[in-house]
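Below: one structure, written as structure tokens.
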Amino acid sequence: MDKGHAKSLAATAPAVACMKLMLMIFNFVFWVTGIAILAIGIWTKVDLYKYMELSSIYYKESPYVLIGVGAVIVVVGSLGCCCTMKGNSCLLYMYAGFLVIVFVAELSAGCTGFIYKGKLEKGFKEGLTNAIKKYGSNDDITVAMDNMQKQLHCCGNSAYTDWFNSTWGSGKNYSVPESCCRSDVSTVCQNVNVKTVGYNASIYTEGCASTVIDFMQAKMGMIGGVALGISFFQLFGALLACCLAKNINRSKYEQVA
1 MDKGHAKSLA
11 ATAPAVACMK
21 LMLMIFNFVF
31 WVTGIAILAI
41 GIWTKVDLYK
51 YMELSSIYYK
61 ESPYVLIGVG
71 AVIVVVGSLG
81 CCCTMKGNSC
91 LLYMYAGFLV
101 IVFVAELSAG
111 CTGFIYKGKL
121 EKGFKEGLTN
131 AIKKYGSNDD
141 ITVAMDNMQK
151 QLHCCGNSAY
161 TDWFNSTWGS
171 GKNYSVPESC
181 CRSDVSTVCQ
191 NVNVKTVGYN
201 ASIYTEGCAS
211 TVIDFMQAKM
221 GMIGGVALGI
231 SFFQLFGALL
241 ACCLAKNINR
251 SKYEQVA
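Read in order, the letters of the sequence shown are residues 1 to 257 in full-length UniProt numbering.
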């Protein structure tokens, strides 16, 4: 082995070791983000979608998509660790391919969510209008509306006055359901004219549509920003995996030569 070849081999080994370390760090961060997305999917299913079920446009599969993406990232991240430790260039190229596929899937899901954002908001408002019409005659809708109004401290669709012209409110002299009553006020506001001075302060006056939409925009905006950052971070991981595979192949070639 000549001196030039020895120097090249000596330079390649530290580079491979450094890239392996960087890729292991990436894999760990990638794996953690998978756990986070999985948790967000479960939270969306358990907490957020109990309100979205009232919408006239309801994509019940959405939480499962997040759960599925999170699970895939956890599995791919775990495989990435194995590929990195084994130092198999073929497996590393496959891993880079998986990262690109996940990146495209996440980007597509994000774009779809952005496109349908307006439709979801419109569908939720229409769904609440329909829910108010069926309130009292449909047990599932009644329970869902009551839970939403209690937990989010809101009343009606756009405002508490929506109940005045509803089927439920017919003949009730400007009253609202008990779930609209403020929890910190002892006065029971059900079956009471809330337009009377003093009683208006005992109910939640803000409409549920704006409350839920603002809540979704705040949470989903944060989630979307994090997801976008993660998706482009994956391209860095794919590039790093390819560079490591290339250097491993070079190292093997130099050892043989």
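We treat Cβ as the ideally placed atom computed from N, Cα and C, and that holds for glycine.
Query raised in the report: Is the Cβ-Cβ distance between C242 and L92 less than 9 Å?
Result: yes
Report task. Identify the continuous alpha helix (DSSP H) that holds V143 and give its terminal residues. Result -> D139 to L152
Query raised in the report: Does the distance from the C-beta atom of G123 to that of S55 stay below 9 Å?
Result: yes
Query raised in the report: Does DSSP classify A11 as helix, strand or coil?
Result: In this prediction, A11 scores a pLDDT of 48, lower than 50, which makes its location untrustworthy; no coordinate-derived value is stated.
Query - Reduced DSSP secondary structure (H/G/I, E/B, other) of C189 - result: coil
Query raised in the report: Can you tell me the Cα-Cα spacing of S78 and N27, whole angstroms?
Result: 7 Å
Query - Backbone secondary structure at residue 260 - three-state DSSP - result: Residue 260 falls outside the range modelled here, since the chain spans only 1 to 257, and no answer is possible.
Query raised in the report: Cα separation between C18 and C208?
Result: 54 Å
Report task. Please classify C155: does DSSP put it in a helix, a strand, or coil? Result -> coil
Query raised in the report: Do you know how far the Cα of S251 is from the Cα of I230?
Result: 31 Å
Query raised in the report: For D47, which option in K134, F233 and F215 has the closest C-alpha, if you only look at C-alpha atoms?
Result: F215
Query - Cβ separation of V72 and V100, assumed to be a contact under 8 Å, to the nearest whole Å - result: The pair is not a contact, with the Cβ atoms about 13 Å apart (cut-off 8 Å).
**Report entry** Close-in-space but distant-in-sequence residues of the same chain around V29 (CB under 8 Å, 5 per side omitted)
**Finding:** F233
Query raised in the report: Which residue's Cα is closest to the Cα of L21: T84, K150 and S89?
Result: T84
Query raised in the report: From V212 to L152, what does the alpha carbon distance come to, in whole angstroms?
Result: 8 Å
Query raised in the report: Roughly how many angstroms lie between the CA atoms of S179 and W43, to the nearest whole one?
Result: 24 Å
Report task. Compare the Cα-Cα distances from E126 to each of T142, C154 and S158 and report the closest residue. Result -> S158
**Report entry** Contact belief for L244 with V16 at Cβ below 8 Å, rounded distance in angstroms
**Finding:** 7 Å
**Report entry** CB-CB length for residue 331 against K150, believed under 8 Å
**Finding:** Any question about residue 331 goes unanswered here, given that the chain covers just 1 to 257.
Report task. Enumerate in chain order the residues of its own chain whose CB-to-CB distance from V65 is below 7 Å, with the five nearest sequence positions on each side excluded. Result -> A109
Report task. Whole angstroms is fine: what's the gap from L128's alpha carbon to G169's? Result -> 15 Å
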